[in-house]
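Have a look at the structure below before the remarks.
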């Protein structure tokens, strides 16, 4: 189906104004899907509508005249006429009475032709109604496709939500297991002593402290020996004396290398102070370690009492 066929059919039906039409200008009407309403209607139009189906002005005037006289047959009259015609004999006699019947039959044929025109008009109306119904069916099918797509998307969204809910339930279950595990392990005897994240073993603490002390002593001895060797070197006639650690700032240092001697004095003073401070830190660390150990033991005792539901009457002890 194309525009040239449509225009030629309209010209065949003697439609006014179709002489100057060009078929190629109407090819765009058939570019859509052949099952679309408009191409389907044009296809039906060219195949079913002929020149005999087109009413002329004379036909319309005759129909209006019949309508005014009330001679247009209805469906009831047509059924009666069909019953009468079906009862007519096949062969007719040549008598005068039969000739009169033949004349009546011709008159009825004329009426039937008029009624046929009306029936053709009704058929055309039914055809148009059929096209409207086909358009409604097409639109309904399109809406059905849209609903199917919407349903599929909604179904996918429900599946994704279900997967997320399942993962959330698994995470909640793991969290609950971890929480209940703490209370279930109250009665179990710990294989190792509980430690804080930043807590060191006492023996390791002692080993680190001994390493620091050894390094400090080595540094002091090396600095002292090198200083004495420089002071008591050969060819040095400068006066010198031993330093009093308790009164380093008042010692008199003479001779070459006074700046170096003064620097060594400051370093020895700093190391002496640092040694005393380090010892204080060690003692404080021991006290803090014993304190934390006592707190851990008390906390374990309170947790065990909570697990056995044997809380003390004085709740202030829990604070």
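Residue numbers (the working numbering): 3 to 321. Backbone N, C-alpha and C define an ideal beta-carbon position, used for all residues, glycine too. Keep in mind the model is a prediction, meaning the values are calculated, not measured.
Asked, Found
"Decide if the segment 22 to 29 is in contact with the segment 110 to 121; the criterion is three or more beta carbon pairs, one per stretch, under 8 Å apart.", "no"
"Just the Cα atoms here: how many angstroms apart are residue 344 and residue 132?", "In the structure displayed, the chain extends from 3 to 321; residue 344 sits before or after that span and is not available."
"Helix, strand or coil for residue 116? Go by DSSP, reduced to three states.", "helix"
"When DSSP labels each residue in this structure, what does residue 256 get in the three-state scheme?", "Residue confidence for residue 256 is low, a pLDDT of 44 falling below 50, so the modelled location carries little weight; the figure read from the coordinates is stated next. Here residue 256 sits in coil by DSSP."
"CA-CA distance, residue 55 and residue 156?", "52 Å"
"By a C-beta neighbour count over all protein chains shown, 10 Å radius and 16 as the cutoff for buried, is residue 263 buried or exposed?", "buried"
"Use the C-beta contact count for residue 167: other C-beta atoms within 10 angstroms, 16 or more gives buried, fewer gives exposed.", "exposed"
"Under a Cβ-count criterion, where at least 16 other Cβ atoms within 10 Å of its own Cβ denotes burial, should residue 266 be classed as buried or exposed?", "buried"
"In terms of alpha-carbon separation, which member of 290, 40, 142 lies closest to residue 204?", "290"
"Taking residue 4 as the reference, which of 19, 57, 16, 42 has the closest Cα?", "42"
"Am I right that residue 8 and residue 44 are in contact with their C-beta atoms under 8 Å? What's the rounded C-beta distance?", "6 Å"
"Nearest-angstrom Cα distance between residue 163 and residue 180?", "26 Å"
"So, with DSSP's three-state summary, where would you put residue 10?", "helix"
"Could you check the C-alpha separation between residue 209 and residue 217 for me, to the nearest Å?", "12 Å"
"How far does the alpha helix (DSSP H) with residue 30 in it extend, from its first residue to its last?", "No alpha helix (DSSP H) contains residue 30, which DSSP labels as neither H nor E."
"Do the CB positions of residue 53 and residue 14 come within less than 8 Å of each other?", "yes"
"Which of helix, strand or coil does DSSP assign to residue 19?", "coil"
"First and last residue of the alpha helix (DSSP H) that includes residue 59?", "59 to 71"
"Report the three-state DSSP secondary structure of residue 310 (helix, strand or coil).", "coil"
"Less than 7 Å between C-beta atoms, sequence neighbours within five positions excluded: which residues of the same chain meet that for residue 284?", "211"
"Pick helix, strand or coil for residue 151, following the three-state DSSP scheme.", "helix"
"Counting along the chain, where does the alpha helix (DSSP H) carrying residue 42 start and finish?", "39 to 50"
"Taking just the CA atoms, how far does residue 299 sit from residue 225?", "47 Å"
"Report yes if the CB atom of residue 222 is closer than 8 Å to the CB atom of residue 273, and no otherwise.", "yes"
"When DSSP labels each residue in this structure, what does residue 181 get in the three-state scheme?", "helix"
"Please go through the same chain and pick out, in chain order, the residues whose beta-carbon is closer than 8 Å to the beta-carbon of residue 48, but skip the five residues on each side of it.", "3, 7, 8, 11"
"Between residue 310 and residue 172, what straight-line distance do the alpha-carbon atoms span, to the nearest angstrom?", "30 Å"
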